[in-house]
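Residues in the sequence shown are numbered from 51 upward in steps of one, following this note's numbering.
A quick write-up on the structure given underneath.
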Amino acid sequence: MRVRQLGRAANCLLAVVVAVPVAACGSGREVVERPAPARKTEQRADRDAEARAAEKAALDAYSGYLAASRTASRRSDPRAPELSRFLADPLLTRVRLSIREAKEHGAMRTGRRLSNPTVTSVSLDTVPATVEIQDCLDATGYRLVYAKDKRVVPGSGGGRHLATATATRYSDGRWSRCSRPRSSR
């Protein structure tokens, strides 16, 4: 039985070896047909590239949001134009209200939040496309202080917490944060 199986394998191998030299011995005018790459492989590669691009764009939008909100808070400017570049409602309105309330009470933000975001999911098939981001925010150096004397506002101390955010791709191709980050301490 093994002899028969080995014999069949040898015949198949011989057929492949014989076919290769015959095909390679042409006059050079023949068109050699190559098998087309598998469509699924191409589609998968395109999908992977699209997902990587979405991840990068969403992380850039998230970083832009952090920088824009920090700058607007430092200047006590709830109408800072960079906010609308990286935020959409309802989060845009919440951030503007927070900055306005701090300003009305004579306070402003100083310092820096440390961020280490990672993408947890990419949903390109949803309308609109979304990317979920998880971040370990360290706000221990990010303080709410009185604008006049830079004293820390009591009860406003920052800490470290885990935040989850959603970035959404709009019809113009722009990625923006529209949902409030969910956090746990």
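Glycine is no exception: its CB is placed at the ideal position from the N, C-alpha and C atoms.
Take Trp225 and list the residues in its own chain whose beta-carbon comes closer than 6 Å to its own, dropping the five residues that flank it on each side.
For this step, residue 225 is matched to residue 175 along the sequence shown. Within the same chain, Trp225 has close Cβ partners Ala107, Ala108, Ala111, Ala217 and Arg219.
Should Pro128 go down as buried or exposed, given a rule of 16 or more other Cβ atoms within 10 Å for buried?
Mapped onto the sequence shown, residue 128 falls at position 78. Label assigned to Pro128: buried.
Tell me whether Asp110 sits in a helix, a strand or coil according to DSSP, three-state version.
Here residue 110 corresponds to residue number 60 of the sequence shown, with the count starting at 1. Of the three classes helix, strand and coil, the one that applies to Asp110 here is helix, per DSSP.
Does Pro140 come out as helix, strand or coil in the three-state DSSP assignment?
The sequence position of residue 140 within the sequence shown is 90, counting from 1. It is coil, neither helix nor strand.
Expressed to the nearest angstrom, what Euclidean distance is found between the alpha-carbon atoms of His155 and Ala197?
For the purposes of this step, residue 155 is taken as the residue at position 105 of the sequence shown. For the purposes of this step, residue 197 is taken as the residue at position 147 of the sequence shown. His155 and Ala197: Cα-Cα distance of roughly 9 Å.
Taking the CB atoms as reference points, tell me whether Ala179 and Ala104 lie closer together than 9 Å.
Indexing the sequence shown from 1 puts residue 179 at position 129. Indexing the sequence shown from 1 puts residue 104 at position 54. The answer is yes: Cβ separation under 9 Å.
What number of angstroms, rounded off, separates the C-alpha of Asp222 from the C-alpha of Phe136?
Mapped onto the sequence shown, residue 222 falls at position 172. Mapped onto the sequence shown, residue 136 falls at position 86. If you take the alpha carbons of Asp222 and Phe136, they lie about 13 Å apart.
May I ask you to verify whether the segment 157–166 touches the segment 113–128, counting CB pairs closer than 8 Å and requiring at least 3?
Touching, per the Cβ criterion.
How about Asp188 and Gly208: are their beta carbons less than 9 Å apart?
Translated into the one-based positions of the sequence shown, residue 188 becomes position 138. Translated into the one-based positions of the sequence shown, residue 208 becomes position 158. For Asp188 and Gly208, yes; Cβs fall inside 9 Å.
In angstroms with no decimal places, state the Cα-to-Cα distance between Ser234 and Lys200.
Residue 234 sits at position 184 when you count from the first residue of the sequence shown. Residue 200 sits at position 150 when you count from the first residue of the sequence shown. Because the pLDDT at Ser234 is just 48, under 50, the model does not fix this residue reliably, and the value given afterwards should be weighed accordingly. Those two C-alpha atoms are separated by around 28 Å.
Put Val202 into one of helix, strand or coil per three-state DSSP.
By one-based count along the sequence shown, residue 202 stands at place 152. Strand at Val202.
Go ahead and label Ala99 buried or exposed: buried means 16 or more other beta carbons lie within 10 angstroms of its beta carbon, across all protein chains shown.
Locating residue 99 in the sequence shown gives position 49, where the first residue counts as 1. Classification of Ala99: exposed, given that the 10 Å Cβ count is below 16.
Which runs of the beta strand (DSSP E) spanning at least 3 residues fall entirely within the segment 122–166, listed in chain order?
List check, beta strand (DSSP E) in window: 157–161.
Helix, strand or coil for Arg94, going by three-state DSSP, please let me know.
Start at 1 with the first residue of the sequence shown, and residue 94 comes out as number 44. Residue state, collapsed to three classes: helix.
Excluding the 5 residues flanking Leu116 on each side, which residues of the same chain have their C-beta closer than 7 Å to its C-beta?
What you label residue 116 is simply residue 66 of the sequence shown in a count that begins at 1. Hits under 7 Å: Arg163 and Ser165.
How many Å lie between Thr168 and Lys153 at the Cα?
Position 118 of the sequence shown holds residue 168. Position 103 of the sequence shown holds residue 153. The alpha-carbon atoms of Thr168 and Lys153 are separated by roughly 32 Å.
To which residues of the same chain is Ser17 closer than 6 Å at the C-beta, ignoring the five residues directly before and after it?
Absent from the model: residue 17. The displayed extent of the chain is 51 to 235, so no value can be given.
Please report the distance separating the alpha-carbon of Ser134 from that of Leu142.
Within the sequence shown, residue 134 is the residue found at index 84, counting from 1. Within the sequence shown, residue 142 is the residue found at index 92, counting from 1. Their Cα atoms are separated by approximately 7 Å.
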